[in-house]
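First comes the structure, then the notes that go with it.
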RNA sequence: CGGGAUGUGGCGCAGUUGGUAGCGCACUUGGUUUGGGACCAAGGGGUCCCGCGUUCGAGUCGCGGUAUCCCGACCA
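Residue numbers (our numbering): 11 to 515.
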């Protein structure tokens, strides 16, 4: 047994004397991220190193998202990493929301230490105005848009930027909450309120679509409550996913910013009547947190399970042989089959490392979540078959080499759909309607989404959070089951609709 | 920023009353293996987080730093 590749399984975890279930799930998750070769803690506090295999997944996500953004009329641009401190303070709520987690550049030069040991910051090189490493780019972008927008003819501006941002979080976790993370942030400017709202809704829809089609992850689309809203937004939409421990994860957000930033940065345009008006704004983003969502949504006791649409390697081929002659014949056949599959756009890895035994390779590729494994040994070569194993169902079957590429191509689609159905079934079986406070306190311990009536006040929301650690994940947009009258589970006051409560990452 | 813990080969850890720095995995070489995480043999690799102190002698004891992790508050 190679201890370096064992991971704490869910089963093992649940057999332990668990006092804090959340903590143990986290441990399992972290272990999985590291062992599956996706990422590791960096030497820099709270930052992570994304390893090549993990980064390849992110690149696939980027590629699909970028295409979707362009299909919806957006263009990419790039804005500075540094934001003058004064910019951040222009929008009052915005600065309040981010002030506590900013990395600040105060000097621009180092010098040799007077004691001869290493270097120190040169006190003479102090910046007149400190620069904040962007925690998000609304301020620098709106300061720029001010120069771009004069007339109604300049609108709308539909820009996206792929970038890194820094938020000095107190506690960090790989992919879910790192001090530095990669993301995309869309920033749009519109002539009318209605158009901006439509944009914010459209983009949260793009995220939901991406989650479903590529990540095979069902999400709920909804409004954030006032307290959970983005700092500086009028309305925040989010997609909320459920992880396998029943906790919620906010996987993407889209904000209707009203005229807040336009007013803060004095961005006015001349409308068709020749009158000056402030422009309407949105911003929307998803980050490398999606990687965390992907991992926690699908992984099992044997490691990662990747949806074919995002798997860097969709098919791994493992030869089994005793002699060099056997190896040569089998690998030659595999090369042919590999080419046939690649011609259909399938990404294939032929693992012909000969110092490792097949069992080791099986386990390793399973840990890495490769959707399909194809094995050919002397027996298979003889009778013209391959052994084909599915990662999502852990099943094996014997398939003819003839027409293999076509079979695999269809199978990848099947796996993609199956993974979504499985995740959807899990999610739906962990959504419950709750109508009393006693029941709420009991059910929240089991995890999952609780559909409850809420009186709409931040005070009630805060008290529920204090007592149960549960927060309002969202006020669902399109879920008709929520549209019914009732009484707030906490205060008993009247409510027009249910909202989703859950504990969250 | 409050509470708790931990720093020992690449990784995970042991190290007793202070007395030659160890184990497993990984790595290198050779050989036998190969249909679910192989085995044998040989080998390389350490300023025991840093500093000061106690001592004939410190990985171990004391003091002071520092870093990381966990729990809170905050968050994509």
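Glycine included, every Cβ here is placed at the ideal spot set by N, Cα and C.
As a beta-bridge residue in DSSP terms, residue 395 pairs with 410. Taking a contact to require three or more Cβ pairs closer than 8 Å, the region 291-301 and the region 345-360 do not qualify as touching. Runs of beta strand (DSSP E) with 3 or more residues, each lying fully within the region 236-308, are found at 245-252, 258-268, 278-280, 286-288 and 290-297, listed in chain order. Residue burial annotation: residue 200 is buried, with at least 16 other C-beta atoms found within 10 angstroms of its C-beta.
Across the structure, residue 494 and residue 487 are spaced so that their CA atoms are roughly 13 Å apart.
Within a 10 Å sphere around the beta-carbon of residue 177 sit 16 or more other beta-carbons, which makes this residue buried.
For residue 443, the enclosing beta strand (DSSP E) has its first and last residue at 441-443.
The C-beta of residue 161 has fewer than 16 other C-beta atoms within 10 Å across all chains shown, which makes the residue exposed. Beyond the five residues adjoining it in sequence on each side, residue 207 comes within less than 7 Å, by CB distance, of 266 in the same chain, given in chain order.
Residue 371: not part of any beta strand (DSSP E); member of the alpha helix (DSSP H) spanning 368-377, first to last residue. Straight across, the Cα-Cα distance linking residue 70 with residue 185 is about 16 Å. The C-beta of residue 490 has fewer than 16 other C-beta atoms within 10 Å across all chains shown, which makes the residue exposed. For residue 73, the enclosing alpha helix (DSSP H) covers residues 62-81.
Proximity to residue 122 across 409, 131, 116 and 114 peaks at 131, based on C-alpha coordinates. Put simply, the backbone Cα of residue 470 is about 13 Å away from that of residue 462. Between the alpha carbons of residue 54 and residue 464 lies a distance of about 42 Å. Counting the other CB atoms within 10 Å of its CB gives residue 366 a total below 16, which places it among the exposed residues. Collapsing the DSSP output to three states places residue 492 in a helix. 7 Å or more divides the Cβ of residue 372 from the Cβ of residue 297.
When C-beta atoms of the region 380-398 are compared with those of the region 410-430, three or more pairs fall below 8 Å, so the two segments count as touching.
Counting along the chain, the unbroken beta strand (DSSP E) around residue 386 starts and ends at 382-386. Residue 483: member of the beta strand (DSSP E) spanning 481-486, first to last residue.
In the DSSP assignment, residue 341 falls within the unbroken alpha helix (DSSP H) covering 334-353. A direct Cα-to-Cα measurement between residue 305 and residue 388 gives close to 36 Å. In this structure, 514 is the residue among 134, 501, 514 and 476 with its C-alpha nearest to the C-alpha of residue 457. Here residue 324 carries a coil assignment [DSSP, helix/strand/coil]. Secondary structure at residue 167: strand, using DSSP grouped into helix, strand and coil. Residue 346 is classed as exposed because its beta carbon has fewer than 16 other beta carbons within 10 Å across all chains shown. Contact check for residue 197 and residue 147: beta-carbon distance about 7 Å, within the 8 Å limit, so the pair qualifies. Around the beta carbon of residue 109, fewer than 16 other beta carbons lie within 10 angstroms, which makes this residue exposed.
With a cutoff of 7 Å on beta-carbon distance, residue 437 and residue 133 are scored as not near each other.
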